[in-house]
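J.: Chains as they are written, first to last, in UniProt numbering: chain G, 1 to 178; chain L, 1 to 110.
Glycine residues also receive a C-beta, built at the ideal position from the N, C-alpha and C atoms.
Here the structure is a predicted model, which means the values were calculated and not measured.
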């Protein structure tokens, strides 16, 4: 896992890219003036705010991250259709349930991304991360953590856990290399 | 032609938002109710915003891309708000309907 970038003046490359794009989108133009201003903001804001932020693992494989993003977007569309069918179908047949998914990820950023993707994908909403430890980054040995999720229609618990682990957690683990 | 695209996108978006709201009314307990607004509405809003993007790009000069930003922020905030609500519900020990499985998986608050 890598926490520091190679360039000291670019502490968070993805944040810089995001700021650059957001500035251009907000102004709805690609005129030279806005490009220069966007570059300045993209470099200055992460530099100024980096002392306040806790160090998070960096994405090491951007190509994989992009492919994972496309997969998640596709899953969001299918999730919407599936949940729509579940909602419009008979309510009495639904068997809701709480499921604990053991996590292999350790840092808060990858876990947050995983929890958000779980919330946006078929029939599941993430609820909580157990156990309640907040000092994982301070060198003590990380415990096994669990993600508590609520499932709208629980059929096979183990199959669901396997899907989440293989489909969403494995790519995250690989792209952060943790 | 563009009018057709815009109308179809508006209809798709509107129906998904409607389904989300129906879920809000129809589901028996809080935890199940949360599924409608967190998911069914994201695609609905995305279609509505795409319709807006097509409309403003064709009727006015230049391309309008601000709507991408709105969809991006929606995608970021929908899971967070869902998470906050379900966390609050667990904290208040809201009752879920009887056939909910795995209720023991909820641990007590510290």
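#1: Measuring only the C-alpha atoms, how far is residue 67(L) from residue 106(G)?
#2: Between the C-alpha atoms of residue 103(L) and residue 72(L), what's the straight-line distance to the nearest angstrom?
#3: To the nearest angstrom, how far is it from the Cα of residue 80(G) to the Cα of residue 168(G)?
#4: Output the distance between the C-alpha atoms of residue 100(G) and residue 42(G), rounded to the nearest integer angstrom.
#5: Does the count of Cβ pairs from the stretch 34 to 48 of chain G and the stretch 2 to 13 of chain L closer than 8 Å reach three?
#6: Which value, in whole angstroms, describes the spacing of the CA atoms of residue 58(G) and residue 21(G)?
#7: Within 10 angstroms of its Cβ, does residue 123(G) collect 16 or more other Cβ (buried), or is it exposed?
#8: Compare the C-alpha of residue 144(G) against each of 129(G), 93(G), 27(G) and name the closest.
#9: Quick one: does residue 32(L) have its CB under 8 Å from some CB of chain G?
#10: Can you look up residue 152(G) in the DSSP assignment and give me helix, strand or coil?
#11: Which partner residues of residue 128(G) appear in the DSSP bridge assignment?
#12: Check for me: the beta strand (DSSP E) holding residue 97(G) runs from which residue to which?
#13: Check whether the stretch 44 to 56 of chain L touches the stretch 86 to 97 of chain G, counting contact only when three or more Cβ pairs, one atom from each stretch, lie closer than 8 Å.
#14: Assuming residue 36(L) and residue 24(L) are in contact, meaning their beta carbons sit under 8 Å apart, how far apart are those beta carbons, in whole angstroms?
#15: Going by beta-carbon coordinates alone, are residue 45(L) and residue 74(L) separated by less than 8 Å?
#16: Once DSSP output is grouped into helix, strand and coil, what is the label at residue 101(L)?
T.: Let me spell this out:
#1: 34 Å
#2: 34 Å
#3: 17 Å
#4: 39 Å
#5: no
#6: 19 Å
#7: buried
#8: 129(G)
#9: yes
#10: coil
#11: 148(G)
#12: 97 to 103
#13: no
#14: 5 Å
#15: yes
#16: strand
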